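Peer 1: Positions 5 to 272 (our numbering) are the ones given, in order, by the sequence shown.
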Amino acid sequence: MILVLGATGTIGRRVAAQLEAGGHAMRVASRHTPTPFDWTDDSTWRPALEAVGGLFLMAPDGQDVDPELVGQAVRSGVRRIVLLSSGGIEVMGDQRLLAAERTVRESGAQWTIVRPSWFDQNFDEGFLREGVLAGRITVPVGELRQPFVDAGDIAAVVVAALTRDGHVGESYEVTGPRALSFGDAATIIGRAARREVRFDGSPEGYLAAMTGAGMPEEQAKAAIEAFAALRDQGDAQPTDVVRRVTGRAPKPFETYVSEAAERGAWAG
Ligand SMILES: NC(=O)c1ccc[n+]([C@@H]2O[C@H](COP(=O)([O-])OP(=O)(O)OC[C@H]3O[C@@H](n4cnc5c(N)ncnc54)[C@H](OP(=O)(O)O)[C@@H]3O)[C@@H](O)[C@H]2O)c1
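The structure is reproduced here in C-alpha cells:
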C-alpha cells in the first residue's frame, strides 16, 4: 500500500491517478480526503499510515516535513519514501526543503528525492494563474531561463521511484525539455489563450505587486533576495531525467499551454 500525501494538490493528484491507472494499492491523504491527514494534527497520522509500505512525501509551501511523521512512518512499516523537494534549494537558501531532504536521507527507509524545476502548472493552477488572467506576471528574475516541467512528468518520475527498482538513493533534477524565460512563457501563453500577458522581471515591480496584494514588505524583500541568488546563478539547463526514468520524452511547454488553453484554463 502506498500513501500519497498532498493528494488533492498539483503533484499528488497526478501521482494518485497514475498509481491507480497502474493498478497499485494506495491511499490518498490530505485534510479533505476520506482518511484525513493533517501535518498540524498528529492524531491523524497513525490511521493514514496503517498498513502502508510506500510513501509519497510532500508538504505544502510553508509547512515543514516534520521528522516525527517520517520516524513514525518508518516505525510503522514504511520501507520506501519518495520526497517532493525542489531544484535550486541550496542557492535559494530553502531551509525547509534542505531539512526535509536530510530527514529522508537519515530515515532508514529506501529514499528517492525528486527535485523539479518550476512547474508548468504554476501558470494555470498555481501562483501565476491570477497574473495570467490579469495580463501581467511578476517574478523578479529578469530574463533568467528555466526548464519548466509538466506536473504529469514529475508525477511519472515519482511513480517510477515508488514502484520500480533502480531509483533508491537517487536525487533527480526533473526538468522539461527546454529552458525558457518567463517572458518567453508569457508570450507562448498569450498567443494560445488569445490574451495579452506581459512579464515584469524587475524587483521593483515584484515588490509593488506583492505588497499591493497584502504581503508584508519584509517577506517580499526576502523573496526578492532568494530570487536574486537564483538569477545570479544563471540559466538552468534541461536534464534527461524524465526520459531516463520514464522512457518517454518530457512534455514541451508549448504542448502544456495548448492543452490548457483548449481546456479553457484561461478563458473568461
Ligand atoms: N510550484 C513550483 O514550481 C514548484 C517547483 C518545485 C518544487 N515545488 C514544491 O512542491 C511543493 C508543492 O506541491 P504541489 O504544488 O503539488 O502542492 P499544492 O498544489 O499546493 O497542494 C498542497 C497539498 O497539500 C495539502 N495540504 C495543505 N495543508 C495541509 C496540511 N496542513 N496537512 C496536510 N496536507 C495539507 C493540500 O490539500 P488539502 O488542502 O486538502 O489539505 C494539497 O493536497 C512545495 O514543497 C514546493 O516547494 C514547487
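C-beta atoms are modelled at their ideal positions from N, C-alpha and C, and glycine is treated no differently. All figures in this text were calculated on a predicted structure; none of them were measured in a lab.
Check whether the Cβ of residue 64 lies closer than 7 Å to any heavy atom of ligand 1, and answer yes or no.
Peer 2: Within the cutoff, so yes.
Peer 1: What residue range does the alpha helix (DSSP H) around residue 232 cover?
Peer 2: Per DSSP, residue 232 belongs to the alpha helix (DSSP H) from 221-237.
Peer 1: My output table needs one value for residue 262: the three-state DSSP class, helix, strand or coil.
Peer 2: Looking at residue 262 - three-state DSSP - the assignment turns out to be helix.
Peer 1: Whose C-beta lies closer than 6 Å to the C-beta of residue 22 among residues of the same chain, with five residues either side of it excluded?
Peer 2: Counting only Cβ-Cβ distances below 6 Å, and skipping sequence neighbours, we find 159 and 163.
Peer 1: Taking the alpha-carbon of residue 32 as reference, which of 62, 71 and 46 has the nearest alpha-carbon?
Peer 2: Considering only alpha carbons, the answer is 62.
Peer 1: Do you know offhand how far residue 146's Cα is from residue 17's?
Peer 2: Their Cα atoms are separated by approximately 32 Å.
Peer 1: Name the two residues that bound the continuous beta strand (DSSP E) containing residue 58.
Peer 2: Where residue 58 is concerned, the enclosing beta strand (DSSP E) stretches over 58-61.
Peer 1: Alpha carbon to alpha carbon, how far is residue 12 from residue 130?
Peer 2: Spanning the two alpha carbons is a distance of roughly 13 Å.
Peer 1: So what does residue 241 bridge to, in DSSP terms?
Peer 2: Residue 241 pairs with nothing; no bridge assigned.
Peer 1: Just to confirm, are residue 111 and residue 98 a CB contact at a threshold of 8 Å?
Peer 2: No, they are not a contact pair.
Peer 1: Okay, do the stretch 185-195 and the stretch 207-215 touch, 3+ Cβ pairs below 8 Å being the bar?
Peer 2: Taking 8 Å as the limit for Cβ pairs, the verdict is that the stretch 207-215 does not touch the stretch 185-195.
Peer 1: By DSSP, does residue 177 sit in helix, in strand, or in coil?
Peer 2: The answer is strand: DSSP assigns residue 177 an E or B state.
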